[in-house]
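Working notes, structure below.
Numbering (the UniProt record's numbering), first residue to last: 1 to 214.
And the structure:
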């Protein structure tokens with residue numbers, strides 16, 4: 001993976017260190033929540049909204065802090081082009097390379113909406129490092145490689161999602177290998193704000209089970 005270089009800044013008040021991953025396709029901006037001597041991490045990505053977007057009322061920074069206390073690092077990525085699936089997958093693979101340089105070789109990938117397809121494709125391309133995948137309100141397009149996943153997958157979707165139907169996650173779930181889990185959340189839309197606490201518990205428990213208990 002052509003990760004040419006990486007620069008990591010000093011810690012922010014929110015607990016992350018801003019990072020720039022230099023690639024042959026341009027820089028990928030990131031927020032890194034390191035753990036000294038740690039070997040486990042979660043890589044988080046959003047959707048087509050771009051930036052450091054997060055579903056479920058700040059789910060990503062919240063869980064990054066929670067998991068950090070358990071010895072699990074986090075890396076949040078900002079896509080260079082949040083509407084280009086191939087480029088977004090490239091960004092995630094560069095993120096995995098960065099984590100590998102930090103001595104982290106057991107990583108869970110989490111993606112919301114468009115990002116669900118991104119993390120599925122990235123996991124299918126890097127079986128060595130990825131030990132779990134979580135999709136939140138995933139789209140269906142671009143998820144065909146789920147049949148090639150060699151790791152557990154959790155799919156969470158709001159039953160009231162009017163942007164991407166929960167049938168998207170159901171379709172992916174049916175194609176995925178075991179171990180797999182599908183959670184449909186009643187009364188919850190695409191951003192999952194209505195059930196942020198329940199979504200947080202579900203994702204946190206899954207990540208701990210598949211990182212700490214591996």
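Every residue gets a Cβ at the ideal spot worked out from N, C-alpha and C, and that includes glycine.
- Task: Report the three-state DSSP secondary structure of residue 26 (helix, strand or coil).
- Result: The answer is strand: DSSP assigns residue 26 an E or B state.
- Message: Considering only DSSP beta bridges, list what residue 48 is partnered with.
- Response: In the DSSP output, where bridge partners are listed per residue, residue 48 has none listed.
- Task: Using the Cα positions of residue 55 and residue 211, report the straight-line distance between them to the nearest angstrom.
- Result: So the alpha carbons of these two residues sit roughly 22 Å apart.
- Query: Taking C-beta to C-beta, are residue 113 and residue 199 nearer than 8 Å?
  - Reply: In terms of Cβ geometry, residue 113 and residue 199 do not form a close pair [threshold 8 Å].
- Query: Out of curiosity, what's the CA-to-CA distance linking residue 104 and residue 73?
  - Reply: The alpha-carbon atoms of residue 104 and residue 73 are separated by roughly 9 Å.
- Task: Measuring alpha carbon to alpha carbon, tell me which of 14, 115, 11 and 186 ends up nearest residue 44.
- Result: For residue 44, the closest alpha carbon among the candidates 14, 115, 11 and 186 is that of 115.
- Under the three-state reduction of DSSP, which class applies to residue 69: helix, strand or coil? Assignment of residue 69 by DSSP, reduced to helix, strand and coil, places it in the coil class.
- Message: Less than 8 Å between the C-beta atoms of residue 124 and residue 100, yes or no?
- Response: Contact: no.
- Within the chosen definition, does the region 177 to 192 reach the region 139 to 158 through at least 3 CB pairs nearer than 8 Å? At 8 Å Cβ cutoff, the stretches touch.
- Task: Evaluate residue 161 with the Cβ neighbour count: other Cβ atoms within 10 Å of its Cβ, from every protein chain shown; 16 or more gives buried, anything less gives exposed.
- Result: Answer is buried; the Cβ neighbour count reaches 16.
- Query: In whole angstroms, what separates the C-alpha of residue 3 from that of residue 23?
  - Reply: C-alpha separation (whole angstroms): 5 Å.
- Query: Is any beta-carbon of chain D found at less than 8 Å from that of residue 71?
  - Reply: Absence of chain D from the displayed structure is noted, only one protein chain being present.
- Same chain only: Cβ atoms within 6 Å of residue 64, ignoring 5 sequence neighbours per side: Within the same chain, residue 64 has close Cβ partners 33 and 74.
- Following the continuous alpha helix (DSSP H) through residue 120, name the residue where it begins and the one where it ends. Counting along the chain, the alpha helix (DSSP H) containing residue 120 begins and ends at 114 to 125.
- Straight-line CA distance for residue 69 to residue 204? Straight-line Cα distance between these residues: approximately 12 Å.
- Using the rule of at least 16 other Cβ atoms within 10 Å of the residue's Cβ for burial, across every protein chain shown, is residue 137 buried or exposed? Looking at its Cβ environment, which holds 16 or more other Cβ atoms inside 10 Å, residue 137 is buried.
- Segment limits, alpha helix (DSSP H) that includes residue 165: Counting along the chain, residue 165 falls outside any alpha helix (DSSP H), and DSSP gives it neither H nor E.
- Let me know if residue 7 comes out buried or exposed under the rule of 16 or more other beta-carbons within 10 Å of its beta-carbon. By the beta-carbon neighbour count (other beta carbons within 10 angstroms, threshold 16), residue 7 is exposed.
- Item | According to DSSP, residues forming a beta bridge with residue 32 | Beta-bridge partners of residue 32 (DSSP): 17 and 75.
- Item | Residues of its chain near residue 87, where Cβ-Cβ distance is below 8 Å and the 5 sequence neighbours each way are ignored | Setting aside the 5 residues that flank it on each side, residue 87 is surrounded in the same chain by 25, 79, 80 and 81, each with a C-beta closer than 8 Å to its C-beta; the list follows chain order.
- Please confirm whether residue 94 and residue 108 have their CB atoms less than 8 Å apart. At a Cβ-Cβ threshold of 8 Å, residue 94 and residue 108 do not count as neighbours.
- Item | residue 85 - containing alpha helix (DSSP H), residue span | In the DSSP assignment, residue 85 falls within the alpha helix (DSSP H) that extends over 85 to 101.
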